[in-house]
DNA sequence: CATGATAATGTCAGCGTCTGACAAACGTCA
DNA sequence: TGACGTTTGTCAGACGCTGACATTATCATG
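Protein chains in written order, with the working numbering: chain A, 1 to 225; chain B, 226 to 450.
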């Protein structure tokens, strides 16, 4: 393979003719690539919606997107990853939200912000989120992926952010992980309700209300004073 | 498209239906059956230990247990279920522990009891628990199963028990689920440490210490009084 | 003890996910 | 244009897992 060899030492510096404009990932190649990826995402969503998750084969999806099955698996590691293929954006938002909050903000407020960020994304991608939730409620492999991959990723973001706020190492101090665990449960609870209401109702309020219960934890454990 | 959908990417079956645990029988038929099952369990553990999880095929395990591959899948739904095939006992212990505690016991004490029960089981099955933990740390499919199936089952038990104590419906009141989520995180934290120490050291103390941090939650969220 | 019912296992064929290897098509850049 | 790197297609195959059916083993009864 190309041994990243330095250019011929003799050759002229070759003053770049054009002043290297933005040239973001807008090359035709990458555009085509993300189009393929998008076609797969849409084809998958459409087929999952009409036929169900297990009932749709990866060959079907590839066919509907007019690419080979092999190409599908070059874009997505698993069939489940294809269903959740639009989640990187969410995780980015989450990370940015967490990073943007003031360091001295109370943890509870931070967690509320996390919830708002999630809720916001859910509202903006209602159809897809509802599809994902419905499939997760129906198909075991989907709920497993949701829990073990998607949610575990969110949880990691929260752990890191909380550990930061507390100024501790999450490997030494269990509190960030515990707080994140409680938060994830609040998220699951609220999301389940949102789902049951088919995406109607104020997701944010529901989720914040549920989170508020986290603050009651200590009180619960030491009842009747 | 699909407005008619349901839920979001999170969706778990929701905390309610707890699976029924098996029971004993003494006929020759069932003795043979459980012997076969046990042979598979042991063969699997041995091969996983020496060769790794992905590196061991279900055909290998069936061969080592001297049964057909088809029989393996009659005893275990998946390869992962085979690795965790000794978990029903643990779940039974957990449920009994929870049921045995006085109803007016403080929640924190109840959770400590859960942890002790788990820790006890881990000590008594050290080799197998360590194997499971090690494989979960290495193989994605194993950690996914652990999270989405094994731990989700424990969590459900806790949710039901806590909801009972609080006299609430876990579908209406988010607190049981949140408390259970925090507890599960404490368990993961403690277990990770136990695993890192190769099963040495006082698992119980570690785990209880971690759980104690749950009680600090409220304090953390409302800092500077 | 013979016999029929029932449960566990074996055998076989096949589907579906996912992967490696290699070749062809395409975009990029000099 | 031509060399190069990237994306895709094609092919073959491993592996998990399942349905269908045959076979064997156990159990309950007369």
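Positions of the beta carbon are idealized from the N, C-alpha and C atoms, including for glycine.
In this text, all values refer to a predicted model and were calculated from it rather than measured experimentally.
Per-residue DSSP class, three states only, for residue i
i, result
"residue 269 of chain B", "helix"
"residue 401 of chain B", "helix"
"residue 302 of chain B", "coil"
"residue 246 of chain B", "Any reading at residue 246 of chain B must be qualified, since the residue scores a pLDDT of 44, below 50, and its modelled position is unreliable; no value is offered."
"residue 423 of chain B", "coil"
"residue 188 of chain B", "Since the displayed chain B opens at 226 and closes at 450, residue 188 of chain B lies outside it and no answer follows."
"residue 309 of chain B", "coil"
"residue 145 of chain A", "helix"
"residue 278 of chain B", "coil"
"residue 349 of chain B", "helix"
"residue 171 of chain A", "coil"
"residue 342 of chain B", "helix"
"residue 358 of chain B", "helix"
"residue 295 of chain B", "helix"
"residue 226 of chain A", "No answer is possible for residue 226 of chain A: the residues shown for chain A start at 1 and end at 225."
"residue 30 of chain A", "helix"
"residue 290 of chain B", "coil"
C-alpha distance - residue i paired with residue j, whole-angstrom precision
i, j, result
"residue 408 of chain B", "residue 90 of chain A", "26 Å"
"residue 402 of chain B", "residue 30 of chain A", "44 Å"
"residue 352 of chain B", "residue 341 of chain B", "18 Å"
"residue 19 of chain A", "residue 422 of chain B", "Any reading at residue 19 of chain A is ruled out, since the residue's pLDDT is 42, under 50, leaving its predicted position unreliable."
"residue 49 of chain A", "residue 131 of chain A", "7 Å"
"residue 396 of chain B", "residue 410 of chain B", "21 Å"
"residue 295 of chain B", "residue 369 of chain B", "24 Å"
"residue 17 of chain A", "residue 73 of chain A", "Caution is warranted here: a pLDDT of 43 is assigned to residue 17 of chain A, below 50, making its placement in the model unreliable, and the coordinate value is therefore given only provisionally. Near 39 Å, if we compare the C-alpha coordinates of residue 73 of chain A and residue 17 of chain A."
"residue 97 of chain A", "residue 112 of chain A", "11 Å"
"residue 57 of chain A", "residue 279 of chain B", "23 Å"
"residue 32 of chain A", "residue 149 of chain A", "28 Å"
"residue 367 of chain B", "residue 277 of chain B", "11 Å"
"residue 313 of chain B", "residue 271 of chain B", "20 Å"
"residue 377 of chain B", "residue 385 of chain B", "12 Å"
"residue 327 of chain B", "residue 394 of chain B", "19 Å"
"residue 418 of chain B", "residue 350 of chain B", "16 Å"
"residue 305 of chain B", "residue 372 of chain B", "12 Å"
"residue 268 of chain B", "residue 318 of chain B", "25 Å"
"residue 348 of chain B", "residue 41 of chain A", "46 Å"
"residue 230 of chain A", "residue 110 of chain A", "This structure gives no information on residue 230 of chain A, because the portion of chain A shown stretches from 1 to 225."
"residue 287 of chain B", "residue 339 of chain B", "35 Å"
"residue 195 of chain A", "residue 77 of chain A", "27 Å"
"residue 181 of chain B", "residue 285 of chain B", "As shown, chain B starts at 226 and ends at 450. That puts residue 181 of chain B outside it, with no answer to give."
"residue 251 of chain B", "residue 191 of chain A", "46 Å"
Proximal chain B residues relative to residue i, where beta-carbon distance stays under 8 Å
i, result
"residue 189 of chain A", "399, 402, 403"
"residue 95 of chain A", "In chain order: nothing, as chain B lies at least about 17 Å away."
Within chain B, partners of residue i - CB distance below 7 Å
i, result
"residue 185 of chain A", "402, 403, 405, 406"
"residue 34 of chain A", "Within chain B, no residue comes near residue 34 of chain A; the closest Cβ sits about 21 Å away, beyond 7 Å."
Listed by chain order, chain A residues near residue i by CB distance under 7 Å
i, result
"residue 373 of chain B", "143, 144, 147, 148"
Interface partners of residue i on chain A, CB under 8 Å
i, result
"residue 377 of chain B", "147"
Integer-rounded CB distance, given that residue j should sit under 8 Å from residue i
i, j, result
"residue 179 of chain A", "residue 107 of chain A", "7 Å"
Q.
Below 8 Å, how does it come out for the stretch 377-396 of chain B and the stretch 294-309 of chain B: are there three or more Cβ pairs, yes or no?
A. no
For the 8 Å Cβ check, are there 3 or more pairs between the stretch 32-45 of chain A and the stretch 66-76 of chain A?
-> yes
Quick test of the definition: if touching needs 3 or more C-beta pairs under 8 Å, does the stretch 125-138 of chain A touch the stretch 389-396 of chain B? no
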